[in-house]
Amino acid sequence: MNCECEMVARVSAIALLWTATAASANEGMWMPAQTAEVGAAVRADGLQIDPAQLSRLDAAPLNAIVSLGGCSASFVSPQGLVATNHHCVFRSMQYNSKESQDYLTNGFLAKSLGEELPAVPGSRIYVIEDMPDVTADMLKGVSDKLNGFARYERLDTNRKALIAACEEQPNRRCDVGSYYGGASYYLQQKLEIQDVRLVYAPGLGIGNFGGETDNWMWPRHTGDFGFYRAYVAPYGSSRPYARDNVPYRPKNWLRIASKGVQEGDFVMVAGFPGATNRFLTADEVRFNFAHYEPLLQHLLSDYAAQIKQATAGNREAQIRYASILRGVENYKKKLAGDLAGADAIGLDARKANEEKAFRAWVAKYPVRQTRFDAAIRELDAMVSENSRASLARLRQALLDRAQILSSARTLYRWAKEHEKPDEDRESGFQDRDRNETVDQLTQIERGYLPVIDRKLFEAALDEYRRLDAKDRDTAFETTLDQIGLDRLYADTKLADTATRLGWLDKPAAAFEASDDPFIKLAVALYPGDIAAKHAAKDRAGRSQAARAIYMHGQRAYQQAIGRPMYPDANGSLRITWGKVAGRTRDGQIWMPFTTAEGLLAKETGKGEFDAPDAAIAAIRAKDYGPYVAPALGTLPVNFLSTADITNGNSGSATLNGRGEFVGLAFDGTLEGVISDWERDADRSRSIHVDSRFMLWTMDKIDGASRLLKEMGVLPASRS
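For the sequence shown, the UniProt record's numbering begins at 1 and goes up steadily by one.
Structure representation (C-alpha cells):
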C-alpha cells in the first residue's frame, strides 16, 4: 500500500501509542486547538477538569491567562490584578526608581488603588479571545511562480489585510502567527489593555535573591513574583493611562489553591513561550552551535562587562541601566548552558540521526520523494546563505546600542514609510503602531545617560569594524568620521523626550535637511538598511517556500511513527504539563523543593544574598503561619517540575489538576536549556516559585493584606 493508506491504517494504533508516550515524556508546548490530541495523556497524568476546557479561550482557566508581550501572566482577582514574575515587572520598578527612591532595592507596595504607579511606557496586557486558522487566507495568491521577495510581500499583504479586518473591532490588537515553518497560520485576536500599573513587587533580597550567581541554577531560593493591575476607562473601553480609569474586570480569574503541591503532583503551565528550534535541519543546528551562539555569547559577555565598568560607582547610572544589564547577563548565561548542553547530549549526532531517519522515510516511496525531495534540497541550499547573513547581522545590530541613534533610525524610517498609503507601509510603521512607537521613544528617558551611552557605542563600533568591508556601511562610516563622537553627543537635541517625539510627524525632507548629528547618521544608514531588508525578505520568502513543504513532510513522518507534533514555540498561547519532580544525577540528588531554611543558609547579609531583615527574623522564628507544606514540615520556596517551558513562559501560571493557582514558572536549569533545541527528559526541569512562599512574603514580610483579601486568601474582615 502507498504511504497515505499505510498512515490511515495505523491511526488507531498511533493514538494509543501516543497516549502512553506523552504520559511518560511530558514533552510539548501544545496549542489549545490540539487538546483533542493530548487530552487523554493529560488526564492520565492528573488533570481533574475536563480536557475539553483547555481548548476554550472563552472559559476558565485559559481566559484568565494573559500576555505581557514578552512575559506571561494571569488574572488572580476580579479587579484585574495580574500575577507575573518579579523580573517581568523589573523594568517598571527601574523606570519609577531614582537614587532617593530605590524601588529596585527596597521593593514597592501600593497601599491603595490610588498609589499604584504607571508601568514603564509600552507596557500592555493582552487577553487572548480567539485563534482561528487562517492558513487559506494567508496563502491566497502565493504560488511557486513567485520569487522569494514577491512571495514574502504577498504573505505580508495577506497578513496585514487579516490584521486590519480583525482590528476594526475596538480595543483589539491582532497578529498572525506562523506555525510549522509557514505550513499553517493562525490569527490571534487580543483585547489590548493599555493602562498597566505596578501594584507590588518585593525587594531585591526576595525577588532576586541569589542574583546572577543562582540564575539558571538549582537549588534556588528566589521569590520571583510581582503584580500589575489592568485599568480601563470608566465605561469599559481600553485607553492609555488616565486618572479616572478604573480596574478592569476580567471574565475569569484564577483561584489560589488552598493546598499547595507536593512531590509527584500534576502541574500544568499555561503561557506564551517565545521561541524554540526543535525542528531545524541538522545543518542549521550545527551552524548555530559552531558559529552563531559562540559569537553572540562573546558579544554579550563583553557588553555586560562594559556596562558594569561604565556605571561603576554611579548609583543613578546603575539604576538606569539595570534592566539592560540584567537581560544581557541572563541571556549570556543561558547561551553557556546551550553550548555545554549540546556537547553533553551529543546534539549534532542526535539531529543527524533524526534527519537521516526522516529522509530515509521520504526515500522509501516515490510519492514522498515527488512531494518532499525538492523542498529538502532547497532548504539545505538556504542554510549557508542564511547563516552568513545572520553572523553579519549580529555585528551590524551593535550600532543600535547607541539609543539615540536607534531612535533616529526609527523616526526617519517612520517618515519614509508615511509617504505611502497605510496598507503599503512596512509592518511596524503603520498607523496601528503609533502608540507603541511613542512608548518606545519615550521609555529611553529613564534608561539613558549620554556619558554611558557614548562609552557603550565606542565599544560597539570596535566590534562593528571587525566586519568584512562588504558588510559595513560606507556612507555611515564617512558621515560619522565627519561628525566625530564629541559633536555626536554634544550637538544632538534628541536626548530630550519632547524634542524626540516632535520628530515623529515631520516629513522625510526635514530629516534630510537636519543638522542634528544622530539624524544625519540615520539618513546615511537608510539606503543600506532598505537594501538589507530587501535581501532578508527574499531569503525569508524562499525559506518559507521550502520549509513549509519540509514541515508537512515532518508532520506526516512524526505521525507515522506515533508522535503527533506540536509546532515550535512562537509567542502564542500554549499548554504544557508535568509532575513535581527532582532529579538524580551522578553524585547529586536534586530534591524537588527548596525551603526557607535553605534561604537562611545562603544568606550572607550582602550582595546577591542579602535578604530583608524581616524575612530573616521570621524564618528564624519559624513564623510561617498557614503556609507550611505538611509533607516538608516547613515553608517551601521554589519547586522543580518536568513541565516543558522556555523563554516567554516567565510569569506563566502554574496550575494544579483542578486548574487552581499553585505558583509561577520563572526559570529552567542551566543543564536543561538545551531543550530549546532538543528535549531531554532527564536533564530538563522547570523552576517555579511556590504560591505558599508568595503568600507568606505578602502576609508576613511586606504587609500586602489588601491584595491577599482581594485574591480571596485572607478574609475581608482581617485587619
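For every residue, glycine included, the Cβ atom is placed at its ideal position computed from N, Cα and C. Bear in mind the structure is a predicted one, so any value in this text is a computation, not a measurement.
Q. Closest to D265 by CA distance: which of E419, P592, G587 is it?
A. Here the closest residue by C-alpha is P592.
Q: Look at the alpha carbon of V713 and the alpha carbon of I256, and state the distance between them as a whole number of angstroms.
A: 7 Å
Q: Starting from V232, trace the alpha helix (DSSP H) both ways and give me its first and last residue.
A: Segment 226-232 is the beta strand (DSSP E) holding V232; no alpha helix (DSSP H) there.
Q) According to DSSP, which residues form a beta bridge with N353? A) The partner list for N353 (beta bridge, DSSP) is empty, contrary to what the question assumes.
Q. If we count Cβ pairs, one from each stretch, closer than 8 Å, do we get three or more for the region 75-90 versus the region 578-593?
A. no
Q: Please classify K332: is it buried, with 16 or more other beta-carbons within 10 angstroms of its beta-carbon, or exposed?
A: buried
Q: Excluding the 5 residues preceding and the 5 following I701 in the sequence, name in chain order all residues of the same chain whose CB lies nearer than 6 Å to its CB.
A: If we look at I701 and ignore the five residues flanking it on each side, its Cβ neighbours are A614, A615.
**Q.** Own chain, CB closer than 8 Å to I345, minus 5 neighbours either side, in chain order
**A.** I674, E678, D680, R683
Q. Taking just the CA atoms, how far does Q482 sit from D338?
A. Approximately 42 Å between the Cα atoms of the pair.
Q | Cutoff 7 Å; reference R172; Cβ partners in own chain excluding five residues on either side | A | Excluding positions up to five away in sequence, the list reads C166, Q189, K190, L191, E192.
(Q) Rounded to the nearest angstrom, what separates L708 and E37 at their Cα positions? (A) 38 Å
Q: Report the partner residues of H688 according to the DSSP bridge assignment.
A: F639, A665
Q) So what does DSSP say about A653, is it helix, strand or coil? A) In the three-state reduction of the DSSP assignment, A653 falls in the strand class.
**Q.** Nonlocal neighbours in the same chain, by C-beta distance under 7 Å from L54, ignoring five residues either side
**A.** Hits under 7 Å: P32, T35, L62, I575.
Q: Would you list the one or two residues that DSSP bridges to A270?
A: I575, A653
Q: Can you tell me which of the three DSSP states R563 falls into?
A: coil
Q. M711: buried (16+ other C-beta within 10 angstroms of its C-beta) or exposed?
A. buried
Q: Give the DSSP-derived three-state secondary structure of S387 in the structure shown.
A: Looking at S387 - three-state DSSP - the assignment turns out to be helix.
Q) CA-CA distance, P636 and T595? A) In a straight line, the C-alpha of P636 is about 4 Å away from that of T595.
Q: Could you tell me the boundaries of the alpha helix (DSSP H) in which K332 lies?
A: 322-344
Q: Keeping to the same chain, check which residues put their C-beta closer than 6 Å to that of Y624; ignore five residues upstream and five downstream.
A: L635
Q. Excluding the five sequence neighbours on either side, which residues of its own chain have a C-beta within less than 6 Å of the C-beta of A110, listed in chain order?
A. E116, V199
**Q.** the region 652-668 in contact with the region 84-92 per 3-pair CB rule at 8 Å
**A.** yes
Q: Look up Y248 in the DSSP assignment and say whether it is helix, strand or coil.
A: coil
(Q) Relative to the C-alpha of L640, which candidate in R286, Q48, K622, V689 has its C-alpha closest? (A) The option with the nearest alpha carbon to L640 is V689.
Q | Residue from V176, A136, S237, V134 whose Cα sits closest to the Cα of Q169 | A | S237
Q | Supposed contact pair R91 and V120 - C-beta distance, whole angstroms, cut 8 Å | A | 5 Å
Q.
What does the Cβ neighbour count give for Q554, buried or exposed, with the cut at 16 atoms within 10 Å?
A. buried
Q) Can you name the start and end residues of the alpha helix (DSSP H) that I206 belongs to? A) I206 -> alpha helix (DSSP H) spans 204-207.
Q) Does the count of Cβ pairs from the region 555-570 and the region 386-396 closer than 8 Å reach three? A) no
(Q) Since L296 and L254 should fall inside the 8 Å C-beta cutoff, what is the C-beta to C-beta distance between them, to a whole number of angstroms? (A) The Cβ separation is near 36 Å, so there is no contact.
Q: Classify E27 as helix, strand or coil using the three-state DSSP reduction.
A: coil
Q.
By alpha-carbon positions, which one of E153, G39, H298, Q403 ends up nearest to A540?
A. A540 has its Cα closest to that of E153, out of E153, G39, H298, Q403.
Q | Buried or exposed by the 16-neighbour rule on C-beta atoms within 10 Å, applied to V42 | A | buried
**Q.** Local Cβ density within 10 Å of S284, reported as buried at 16 or more and exposed below that
**A.** Reading the sequence as shown, one finds Glu at residue 284 and not Ser. Here E284 is buried: its Cβ has 16 or more other Cβ atoms, across all protein chains shown, within 10 Å.
Q. Are at least three pairs of beta-carbons, each pair with one atom in the region 600-613 and one in the region 273-283, less than 8 Å apart?
A. no
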